[in-house]
Amino acid sequence: KFVIDELKSAMGVMQHHDAITGTEKQHVAHDYERLLDNAVEDALLVARQGISKLSKSEKYQFNYERCRLNESSCATSEDSQQFVVTVYNPLGWNTLEPIRIPVLDGEYEVYAPNGEKVTSQLLDIPNPVRKIPTRKSGATHELTFIAKLHPLSIKSFFIKKMQRTRRGIDYRSIKNYWSNIGSPYIVENIDYVGNIGTDKIVVPSHVSGTGSNINFDVLTDEDLNVGRAENMRNRDKVPRNME
Amino acid sequence: SEEYYLENEFLKLRSDDTGVTHMILPDRTTNLRIQFHYWTGCSGDNTNTTTRSSGAYIFRPETDKPYPLEYNSNRIVKGEVVQEIRAESDTASSTFRVYGGLPFIEHDFVVGPIPVDDKVGKEYVIRYDTNVGNDGVFFTDSNGRQVLKRKLNERPQWNLTLAEPIAGNYYPVTSKVFLEDGHTRITVLVDRSEGGTSLVQGGIELMVHRRLLHDDAFGVGEALNEVAQGEGLVVRGRHRLLNLNPNDEQETLSEKKYALQTHYEPIVFVSKAEHISYESW
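Chains as they are written, first to last, in the working numbering: chain A, -10 to 232; chain B, 2 to 282.
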């Protein structure tokens, strides 16, 4: 009860008109942040215990982490090969809600509580145009799926990173390979599709040269001059033939 | 010259080299332009009402039209779950999303740091311009209570002459702002309280970030110039845009639900599960 009281107390302070409108002095704003952050963090203890109790898992203990900032960063999902995403719907009706989880590049599978595979999509996180201080995170992508949530319910999704995506092949090695063969092209959006050294991939026809085991999307200088939107469109038209 | 579409079972979002242009529904099409603008803040000695600075308390732009921000690049990403248009300018970027199964357009924006090298404070707004004939009438929720009708340059109780015609038409928006004609209602749902207005026919304007260099002498005693690591702050937020038939009760009810859904978004916890197999889970 005392941690809930701490949050109540902090919320009481935040009713001050300066806190609501942002007309407090800067050092007061920082103090409000400190008060509220401490109180929310402590109150999460109760939420974590509640979810653990509801999940009725005595054998397996989960450490429920919540990323409170609305930035694409989550230490747990970035560092894990498999993890559980637990979603609480505070509304009294069924909802469909997009869930976006920051992850590293790779291939992921999402499973609903009934064991069914949920359709998901991996989206790259855009880099800021200006060189500004940005989020401190290794996440390069967001794993996105739509959660079907019941009223006032908790639902867990099991997310697995598929092993075949991390076989020592990364963007840098592809880029080096491509520059070694003297290609003037820029390589982006690499999908690893098979066993190293055994599978062959045919790259788009307007590019000379082939990769040995990697699926390439290749943007030419001309593509870049036309604009990124245009070449993204073209990319969808390019058949991805795999031998 | 080229046109692109994001689409799901409810709507299509048309875009071309100039940005988003139309929102297309099965029974109607609405012109739509989404663009960042910024107002420059007044600078004065605060000795009287005509020489007052824009500051933490007071929004007081020095022009009667905001400066538009042009997007430098556009990119489209399409997939099974979501389709996105990503547009970037020097100091702000936008991602417009259409999710499968959801009847709204999501606008995820990142603004800042606001540059003040020219020694001028700036207040960034997003404008959603449409062809809806609202005749100066728009609606905002009043701090989460009832929705109130607002009319440009008017108050219901007295004859009004506004000395500050921009700021005088700004109202608090806690969860939604909308405008409508007989056929179309355009609603913007916000993820936090923002200032909002409709200064031009069919346009909704929401303020999303401010950085000002002068105190407005209303008590705070310092400029609203928040800095972290030597740079101004960066803000990330989200708007959801609905295009509804105002005569359809089901649709207007869904607007209320989506407003609450945006405000009370699901709480997401992430836990490591290295110690448990999928089968055991």
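For glycine and all other residues, C-beta sits at the position ideal for the given N, C-alpha and C. From a predicted model like this one, the values you see are computed outputs, not experimental measurements.
Is it buried or exposed for G220/B, if we count other Cβ within 10 angstroms and need 16 for buried?
Position 219 of the second sequence, counted from the first residue, corresponds to residue 220/B. G220/B comes out exposed.
Which residue comes first and which comes last in the alpha helix (DSSP H) that contains R124/A?
Along the first sequence, one-based indexing puts residue 124/A at 135. Following the DSSP letters along the chain, one finds R124/A in no alpha helix (DSSP H), marked with neither H nor E.
What residues from the region 51 to 72 of chain B come within 7 Å of chain A, judged by C-beta to C-beta, listed N to C?
The region 51 to 72 of chain B vs chain A, Cβ under 7 Å: A57, Y58.
What ranges does the beta strand (DSSP E) occupy inside the region 169 to 235 of chain B, keeping only unbroken runs of at least 3 residues that lie completely in it?
Taking 3 residues as the shortest admissible run, the region 169 to 235 of chain B contains the following complete beta strand (DSSP E) segments, listed from N- to C-terminal end: 172 to 174, 177 to 181, 186 to 191, 195 to 198, 204 to 212.
From T19/B, Y125/B, D28/B, T185/B, pick the residue whose C-alpha is nearest to that of F60/B; which is it?
Counted from its first residue, the second sequence places residue 60/B at position 59. Closest by C-alpha distance to F60/B, out of T19/B, Y125/B, D28/B, T185/B, is Y125/B.
Determine whether the Cβ of I114/A lies closer than 8 Å to any Cβ atom of chain B.
Residue mapping note: residue 114/A aligns to position 125 of the first sequence, counting from 1. Not closer than 8 Å to any Cβ of chain B, the Cβ of I114/A fails to qualify, so no.
Closest residue to E54/A among L141/A, P87/A, V29/A (Cα-Cα distance):
Within the first sequence, residue 54/A is the residue found at index 65, counting from 1. Minimum Cα distance to E54/A is reached at V29/A.
What residue range does the alpha helix (DSSP H) around H139/A cover?
Here residue 139/A is taken as the residue at index 150 of the first sequence, counted from 1. Here H139/A belongs to no alpha helix (DSSP H), and DSSP marks it neither H nor E.
Contact check, Y171/B vs G197/B under 8 Å by CB: the rounded distance?
Numbered from its first residue, the second sequence carries residue 171/B at position 170. Numbered from its first residue, the second sequence carries residue 197/B at position 196. That pair is a contact at about 7 Å.
Can you tell me whether S16/B is buried or exposed, with buried defined as 16 or more other CB within 10 angstroms of its CB?
On the second sequence, residue 16/B is found 15 positions in, with the first residue counted as 1. Counting C-beta atoms within 10 angstroms of its own C-beta, S16/B has 16 or more neighbours from the protein chains shown and is therefore classed as buried.
Please state whether the Cβ-Cβ distance between S41/A and F51/A is less than 8 Å.
Residue 41/A sits at position 52 when you count from the first residue of the first sequence. Residue 51/A sits at position 62 when you count from the first residue of the first sequence. Against a cut-off of 8 Å, the Cβ pair of F51/A and S41/A comes out as a contact.
Hey, quick one: how far does the alpha helix (DSSP H) through D31/A stretch, first residue to last?
In the first sequence, counting from the first residue as 1, residue 31/A sits at position 42. 15 to 44 is the extent of the alpha helix (DSSP H) around D31/A.
Buried/exposed call for R87/B, threshold 16 Cβ in 10 Å:
The sequence position of residue 87/B within the second sequence is 86, counting from 1. Classification for R87/B: buried.
For K125/A, the nearest candidate out of D20/A, F147/A, C63/A (CA to CA)
Here residue 125/A refers to the residue found at position 136 of the first sequence. The shortest Cα separation from K125/A among D20/A, F147/A, C63/A belongs to C63/A.
Exposure of E13/A, with buried meaning 16 or more beta-carbon neighbours within 10 Å
As a working mapping, residue 13/A is identified with position 24 in the first sequence. If you draw a 10 Å sphere on the C-beta of E13/A, you find 16 or more other C-beta atoms in it, and that means buried.
Can you name the residues of chain A whose CB is closer than 8 Å to the CB of W40/B?
For the purposes of this step, residue 40/B is taken as residue 39 along the second sequence, with counting starting at 1. Close partners of W40/B in chain A (Cβ separation under 8 Å) are lacking, with about 17 Å as the shortest Cβ gap.
Alpha helix (DSSP H) segment containing S95/B, residue limits:
Translated into the one-based positions of the second sequence, residue 95/B becomes position 94. Segment 93 to 100 is the beta strand (DSSP E) holding S95/B; no alpha helix (DSSP H) there.
S55/B: CB within 7 Å of a non-hydrogen atom of the ligand ZN:
Absent from the structure shown: the ligand ZN. Ligands present: none.
Helix, strand or coil, according to DSSP, for V(-8)/A in the structure here?
The count along the first sequence starts at 1 and reaches residue -8/A at position 3. Three-state result, V(-8)/A: helix.
For the pair the region 181 to 189 of chain B and the region 66 to 74 of chain B, tell me if three or more CB-CB distances fall below 8 Å.
These segments do not touch.
Based on DSSP bridge pairs, tell me the residues matched to L242/B.
Locating residue 242/B in the second sequence gives position 241, where the first residue counts as 1. Looking at the DSSP output, L242/B bridges to I106/B, V189/B.
Measure the C-alpha to C-alpha separation of R239/B and E60/A and round it to an integer number of angstroms.
By one-based count along the second sequence, residue 239/B stands at place 238. By one-based count along the first sequence, residue 60/A stands at place 71. Rounded to whole angstroms, R239/B to E60/A spans 12 Å at the Cα level.
Chain-ordered neighbours of K273/B on chain A, where CB pairs are closer than 7 Å:
Taking the first residue of the second sequence as 1, we reach residue 273/B at position 272. Neighbours of K273/B on chain A, chain order: N52, T65, S69, F72.
Compare the beta carbon distance of Y77/A and Y279/B with 8 Å and say whether it is the shorter of the two.
As a position in the first sequence, residue 77/A is number 88, starting the count at 1. As a position in the second sequence, residue 279/B is number 278, starting the count at 1. Their beta carbons are not under 8 Å apart, which means Y77/A does not touch Y279/B by this criterion.
DSSP has N75/B in a bridge; who is on the other side?
Mapped onto the second sequence, residue 75/B falls at position 74. According to DSSP, N75/B bridges with A88/B.
Rounded to whole angstroms, what is the Cα-Cα separation between E266/B and T51/B?
Taking the first residue of the second sequence as 1, we reach residue 266/B at position 265. Taking the first residue of the second sequence as 1, we reach residue 51/B at position 50. Going by the C-alpha atoms only, they are around 43 Å apart.
F134/A burial status per 10 Å Cβ neighbour count (16 or more: buried):
Within the first sequence, residue 134/A is the residue found at index 145, counting from 1. Flag for F134/A reads buried.
Measuring alpha carbon to alpha carbon, tell me which residue in D109/B, W282/B, P157/B, G56/B is nearest F37/B.
As a first step, residue 37/B is located in the second sequence; it is residue number 36 there, counting from the start. Taking only the C-alpha atoms, the option nearest F37/B is D109/B.
From S74/B, P104/B, E89/B, pick the residue whose C-alpha is nearest to that of V111/B; which is it?
Taking the first residue of the second sequence as position 1, residue 111/B is located at position 110. Considering only alpha carbons, the answer is E89/B.
Pairwise C-alpha distance: H5/A and S(-2)/A:
Stepping through the first sequence from its first residue, residue -2/A is reached at position 9. Stepping through the first sequence from its first residue, residue 5/A is reached at position 16. One Cα belongs to S(-2)/A, the other to H5/A, and the distance between them is close to 12 Å.
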